[in-house]
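Below: one structure, written as structure tokens.
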Amino acid sequence: MRVPKDLAFSWEAKLVRFLGVSPAMAAPIVSALVAATYFVPGYAFGLLPIQLDLRDSSIPLDPYSWAAIVTSLLAGFTVFALPYAQVRHLGDITSLAEITPSLDRSGLRDLYVRSSAGDKSGRLIASALGWCFGLLIPIFSVPGAWTVMSGQPSTWDTDLPPSAYWAAGWFLIIVPFLIASLSKASYQMVTGARRLLTETVARLEVGPLDADRLRPLVNAGLHTSFIWMIGAAIGVLFVLDANIDATVILIFMACIAILGGLAAITPAMAGRQVIRRSKDKALAEVRAVIAHLHLDALDAASETKVRQADDQRLAQMGALLAYEDRLEKAPETPISAPTVAQFALYLAIPVSSWLGGAFVERMVDAALG
């Protein structure tokens, strides 16, 4: 699943194309490279392992090294998220060609590419805001970061070995860049999806009983939700070490989880507009025919004609009334029980990450005695 050239307008997509692999394969490569920037110099210059009192630690690593591993995973996720979403959504949107008479697959593709690019100024603002927030995370979560940034020692940073300040400096460089990239990706996904839905929904034509034909819209939302739940699952790994103050981190990860939920719901709600529009039109037509048949019955001239016409009208009106009832009871969203179950599984990903990490932690503790 490679990134097409016409979708490679972000640095993440360009990097994935440069590596010549899929977004899913690029993620571990980038994670390994980012981790190497921490561990290779650290061990080469004798800065690792950082000597700290780890008697109360739940991870057999110093908190800096554990946080560096999780941050490296987050770097891989950063490169994975936007390109993966673009490739998946491109397939979802072009699948709607059967119910968009005014656009073929090529036209839908062009529409998606234009919508995904977004405006450059918006991307820059999102990146700047993300960088500012990303700078706060190490300042309030990493001991030594404030001292490295300000040059002034703080009471919070007492009793730290010199190597801890090198690690804190690494986080001050890496984390703001990652959060800026994630903020930009979030902006592109949200605004791109809004523009795309606005232009696409008006062109969709489905029958009032054909909600299942809007399944590609639901899939697009689920794919976005899956991406952000993976990000939240990685963030949860930070809290496995009791020495890491994860307050700010958890706030950010909660925002990611909320974003994932909204991503799943928004396309489905757009599909609801399409179905509701079709349903209202069909109900108006059926009720107009029923009213016309009723007037015909009142205007019948003779008993014979009335008797003969009544049989036909009763049969027609019975079928129309049954159809009207079916239309009124028809679901107005393309969300089905399997869709809800799939989304519930995605919501469980962060919880599973925490439980799995806790299980591995116990196994390591048992192995180390």
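According to our numbering, the sequence shown holds residues 160 to 528 in order.
Don't be surprised by glycine CBs; every beta carbon is placed ideally from N, CA and C.
Keep in mind it's a predicted model, so treat the numbers as computed, not measured.
{"query": "Proximity winner among Ala339, Lys164 and Ile386, relative to Ala186 (alpha-carbon distances)", "result": "Ile386"}
{"query": "From Ser340, Glu483, Ala323 and Ser322, residue whose alpha carbon lies closest to that of Leu294", "result": "Ser340"}
{"query": "DSSP-derived helix/strand/coil call for Arg362", "result": "coil"}
{"query": "CA-to-CA distance, Ile434 to Ala142, given in whole angstroms", "result": "Outside the displayed range of the chain (160 to 528) lies residue 142, so it cannot be described from this structure."}
{"query": "Cβ contact (3+ pairs, closer than 8 Å) linking the stretch 173-183 and the stretch 277-288", "result": "no"}
{"query": "Residue range of the unbroken alpha helix (DSSP H) whose run includes Met184", "result": "Pro182 to Ala203"}
{"query": "Local conformation of Leu233 per DSSP, three classes", "result": "helix"}
{"query": "Alpha-carbon spacing of Ala384 relative to His248, whole angstroms", "result": "It should be noted that the sequence gives Ser, not Ala, for residue 384. So the alpha carbons of these two residues sit roughly 12 Å apart."}
{"query": "Three-state secondary structure (DSSP) of Ala460", "result": "Residue confidence for Ala460 is low, a pLDDT of 46 falling below 50, so the modelled location carries little weight; the figure read from the coordinates is stated next. Here Ala460 sits in coil by DSSP."}
{"query": "Check whether Leu232 and Ile393 have beta carbons under 8 Å apart", "result": "yes"}
{"query": "From Met476, Phe204, Ser280 and Ala323, residue whose alpha carbon lies closest to that of Leu454", "result": "Met476"}
{"query": "Contact test: Tyr197 Cβ vs the ligand SAM heavy atom, cutoff 7 Å", "result": "Within the structure as shown, the ligand SAM is missing, as the structure has no ligands at all."}
{"query": "Ile424 and Ala391 closer than 8 Å at C-beta", "result": "no"}
{"query": "Rounded separation between Arg268 and Leu166 - CA only", "result": "10 Å"}
{"query": "Close beta carbons around Asp251, own chain, < 6 Å, minus the five adjacent residues each side", "result": "Pro375, Asn378 and Ala379"}
{"query": "Beta carbon of Val238 nearer than 8 Å to that of Leu174", "result": "yes"}
{"query": "Expected contact under 8 Å - CB spacing of Thr259 and Arg362 to nearest Å", "result": "5 Å"}
{"query": "Cβ-Cβ separation, Glu483 to Arg446 (assumed contact under 8 Å), whole Å", "result": "7 Å"}
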